[in-house]
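K.L.:
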Amino acid sequence: MTPRGQVAGSPPAKAASPEFGNPNGVRAAWTARSLLPRYDAYRRHQARELLSLLPPDGVRALYRAARAEFSVGGAVADPMALLDEFVTRHLPLPPFHIWCNDLRTSPQAHLDEPWMSDALPDRASPLTLAVREETLLGGRCAVELRVHYGEDAWRGHLRFTRADEERSWQTGEVFHEGSAQTIVERFHEFGWPTLEAFLRSILP
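The numbering of the sequence shown is my numbering, which starts it at 1498 and goes up by one.
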């Protein structure tokens, strides 16, 4: 039996893009300032991925181009750092605001990447990854998939908000997976009878 839980006073859920931040929908956990280092790490990761695919001659050619662009005439203290900077500047990657928008609308596509490892939602501030509108127990209901990362795994629970109520009801932990994407896929595999059973188990 799923443990009973209630979130009183929460606003009705809507089928919309996931909000970043705490359970009340405040975008507090991921701000533009906090995401800038993540974006920089993403860009550098992509640069190193490209370099790993090139033959030695290709890497040497890029290094020569980097020295010319940065007007380096003598010895270089960190050749790899110079090459990283050059490739990062020239890769056709999405600008910061587009990357942030994609993170907002499809967070599951980013959360398992290494550059997000120190910015993951915790138990105190779970992240809504998906929302479904279903007819359950005779009425319309918004079902949110809320996840956090803990103890080397992704964990998730469901939050239900019925159309005629201003409070929400949430399950205990339902999901325990190695990736956020897997949890989203499992959530969408649930049929209405399964969701209705979860709702019955937490209603008073």
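Virtual Cβ for every residue (Gly too), placed ideally from N, Cα, C. Predicted, not measured: the structure shown is a model, and the values here were computed from it.
For L1579, which residues of its own chain have a beta-carbon under 8 Å away from its beta-carbon, when the five flanking residues on both sides are left out?
P.N.:
The residue you call residue 1579 lines up with position 82 of the sequence shown. Y1560, A1563, R1564, F1567, V1569, V1573.
K.L.:
Quick check: the region 1549 to 1560 against the region 1531 to 1539, are at least 3 beta-carbon pairs closer than 8 Å?
P.N.:
In short, these stretches do not touch, since the Cβ pair count stays below three.
K.L.:
Consider the C-beta atom of P1592 and the heavy atoms of the ligand ZN; say whether any pair is separated by less than 7 Å.
P.N.:
Judged by which ligands are present, the structure shown has none, so any question about the ligand ZN falls away.
K.L.:
Could you name the residues of the same chain whose beta carbon sits closer than 6 Å to that of R1656, not counting the 5 residues immediately before and after it, in chain order?
P.N.:
Here residue 1656 corresponds to residue number 159 of the sequence shown, with the count starting at 1. So the list reads E1641, R1643, S1665, Q1667, once near-sequence residues are dropped.
K.L.:
Got a sec, what are the start and stop residues for the alpha helix (DSSP H) V1584 sits in?
P.N.:
Here residue 1584 is taken as the residue at index 87 of the sequence shown, counted from 1. Looking at the DSSP string, the run of the alpha helix (DSSP H) that includes V1584 is 1576 to 1587.
K.L.:
What are the complete beta strand (DSSP E) segments, minimum 3 residues, inside the region 1620 to 1694?
P.N.:
As far as the region 1620 to 1694 is concerned, its whole beta strand (DSSP E) runs of at least 3 residues are 1624 to 1633, 1636 to 1647, 1650 to 1659, 1665 to 1667, 1672 to 1674.
K.L.:
Taking its Cβ as the centre, do 16 or more other Cβ atoms sit within 10 Å of R1659, making it buried, or is it exposed?
P.N.:
Here the question's residue 1659 lines up with position 162 in the sequence shown. Under this definition R1659 is a buried residue.
K.L.:
If you draw a straight line from the alpha carbon of P1623 to that of R1557, how long is it in whole angstroms?
P.N.:
Within the sequence shown, residue 1623 is the residue found at index 126, counting from 1. Within the sequence shown, residue 1557 is the residue found at index 60, counting from 1. If you take the alpha carbons of P1623 and R1557, they lie about 46 Å apart.
K.L.:
Buried or exposed: M1577, going by 16 or more other Cβ atoms within 10 Å of its Cβ?
P.N.:
Counting from 1 along the sequence shown, the entry for residue 1577 is found at position 80. Exposed is the call here.
K.L.:
Return the CA-CA distance between D1581 and R1541, expressed in angstroms with no decimal places.
P.N.:
Within the sequence shown, residue 1581 is the residue found at index 84, counting from 1. Within the sequence shown, residue 1541 is the residue found at index 44, counting from 1. Each residue's Cα considered, the two are about 7 Å apart.
K.L.:
Once DSSP output is grouped into helix, strand and coil, what is the label at T1528?
P.N.:
Counting from one through the sequence shown, the residue named residue 1528 turns up at place 31. The answer is coil: DSSP assigns T1528 none of H, G, I, E or B.
K.L.:
In whole angstroms, give me the CA-to-CA distance for H1712 and R1697.
P.N.:
A question about residue 1712 goes unanswered here, because the residues of the chain that appear run from 1498 up to 1701.
K.L.:
For L1634, does the count of other Cβ atoms within 10 angstroms reach 16, so buried, or fall short, so exposed?
P.N.:
In the sequence shown, counting from the first residue as 1, residue 1634 sits at position 137. With fewer than 16 Cβ atoms within 10 Å of its Cβ, L1634 is classed as exposed.
K.L.:
With DSSP as the reference, label P1701 as helix, strand or coil.
P.N.:
The residue labelled residue 1701 in the question sits at position 204 within the sequence shown. Residue state, collapsed to three classes: coil.
K.L.:
In the DSSP assignment, find the alpha helix (DSSP H) that holds H1706 and state where it starts and stops.
P.N.:
In the structure as shown, the chain starts at 1498 and stops at 1701, and residue 1706 therefore has no counterpart that could be examined.
K.L.:
How long is the line joining the alpha carbons of H1594 and T1625, rounded to whole angstroms?
P.N.:
The count along the sequence shown starts at 1 and reaches residue 1594 at position 97. The count along the sequence shown starts at 1 and reaches residue 1625 at position 128. One C-alpha to the other measures close to 21 Å.
K.L.:
Given V1681, which residues of its chain have a CB within under 8 Å of its CB, disregarding the five upstream and five downstream residues?
P.N.:
As a position in the sequence shown, residue 1681 is number 184, starting the count at 1. Once the five neighbours on either side are set aside, the close Cβ partners of V1681 are Q1605, L1626, A1627, L1642.
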